[in-house]
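Encoded as structure tokens, the structure appears first; notes follow it.
Numbering (my numbering), first residue to last: 1451 to 1575.
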């Protein structure tokens, strides 16, 4: 009868070790899953933070580009207005004051008749 009790106790030890091993395996499996989930959440948070930073930089660049575009448009309008004013001033000056002197090389200076009505070359004047 001693051997029966030895076999029963040996069986209980084996079952206990198997149960303990299974429980240990389940705990390790749960720990690994928790760590894996935590790492994935951390990775997703990091990606979300980087995307937010990129969105903020993109918005900042968009605002900067729009400000530069507005500044260029204002400068274009200012330059256009100044050119129009210069054109008006030039047209007023050309219509209001007759030419006093004839610059050398102009069509009048290159004419082939002199004041006396004789034909001559422009270089002879």
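Even glycine gets a Cβ: it sits at the ideal position worked out from N, Cα and C.
Might you give, ordered along the chain, the residues of its own chain that have their beta carbon closer than 6 angstroms to the beta carbon of residue i, omitting 5 neighbours on each side?
{"i": "residue 1538", "result": "none"}
{"i": "residue 1459", "result": "none"}
Please go through the same chain and pick out, in chain order, the residues whose beta-carbon is closer than 7 angstroms to the beta-carbon of residue i, but skip the five residues on each side of it.
{"i": "residue 1496", "result": "none"}
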